[in-house]
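Counting from 77, one number per residue, gives the positions in the sequence shown under our numbering. Built from N, CA and C at the ideal position, the CB exists for glycine as well. Computed from a predicted model, the values in this text were never measured in an experiment. One structure is given below, encoded as structure tokens.
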Amino acid sequence: MIRVLLADDHKIVRDGLKRILASTVDLEVAGEAADGDALLRLAKAADFDIAVVDLSMPGLSGIALVKRLKAEKPKLRVLVLSMHGEQQYAARALKAGASGYLNKDSAAELLVTAIRKIAAGGMHVTEAAAASLAGAGRAPHDALSDREFEVLKLLVEGLGPTEIGERLHLSVKTVSTHKTRILDKLNLGSTAELVRYALENKLV
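Here it is, written out as structure tokens:
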């Protein structure tokens, strides 16, 4: 039996995933978490074969969460299940230690197949994710660090420095420093230009 740990901040999503996995004979949802901190606690407290993780959750989240999860439980396999397109986030997730990346729009059959493949030691990489890996480093935003990329995403979502600091457990000064570096690296002059850049490059 493959023991699955689900992490998503929306209960309706977790319930939907549990229904999908309940229809199989070899997959069992052995734990669930609504935020990154709860996910880490569960992962350290018990053994699971694979964690199916959303990138956007309260508390520790995103690429930083994948890195921390792999550092705490190196043998735990991670499948990122996200609303964000593979071309924008898959390369960073895989480099952080995830064994697969799947968009939430994917069919239920593909989710089950991906979980089985990853639990068996394989990788699940779609064509879009493979293209993302192959093209990494070519766009200006590929030069951003993972933390800068997280800050960019939250800035574009409309969060201010204080809110971003609370979300990422950073000081407002550190967030402002990241914002300055982001604008410098992308050669942009304002948050409005950053939003336009993110839209043009399908980062949101």
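DSSP, read as helix, strand or coil, puts residue 214 in coil.
Residues of the same chain with a CB within less than 6 Å of the CB of residue 133, apart from the 5 flanking positions on each side, are 85, 111, 112 in chain order. In this structure, the alpha-carbon of residue 244 lies about 23 Å from that of residue 81.
Residue environment for residue 178: buried (at least 16 other C-beta atoms within 10 angstroms of its C-beta).
When Cβ pairs closer than 8 Å are counted between the two stretches, the stretch 244-264 is seen to touch the stretch 220-236, the count reaching three or more.
Going by C-alpha positions, residue 272 is about 43 Å away from residue 104.
For residue 195, no beta strand (DSSP E) segment is defined; the enclosing uninterrupted segment is the alpha helix (DSSP H) at 184-195. Ranked by Cα distance from residue 137, the options 183, 95, 232, 225 are led by 225. By the Cβ neighbour-count rule, residue 108 is buried, with 16 or more other Cβ atoms within 10 Å of its own.
Non-local beta-carbon contacts of residue 93 in its own chain, meaning distances under 6 Å to residues more than five positions away in sequence, involve 82 in chain order. The beta carbon of residue 215 sits closer than 7 Å to those of 277, all from its chain and outside the five residues before and after it, given in chain order. Of the other Cβ atoms in all chains shown, 16 or more fall within 10 Å of the Cβ of residue 229; this residue is therefore buried. One Cα belongs to residue 199, the other to residue 191, and the distance between them is close to 9 Å. Restricting attention to 187, 239, 227, 279, the CA atom closest to the CA of residue 126 is found in 187. Only residues of its own chain outside the window of five on either side were considered, and among them 110 have a CB closer than 8 Å to the CB of residue 87, listed in chain order.
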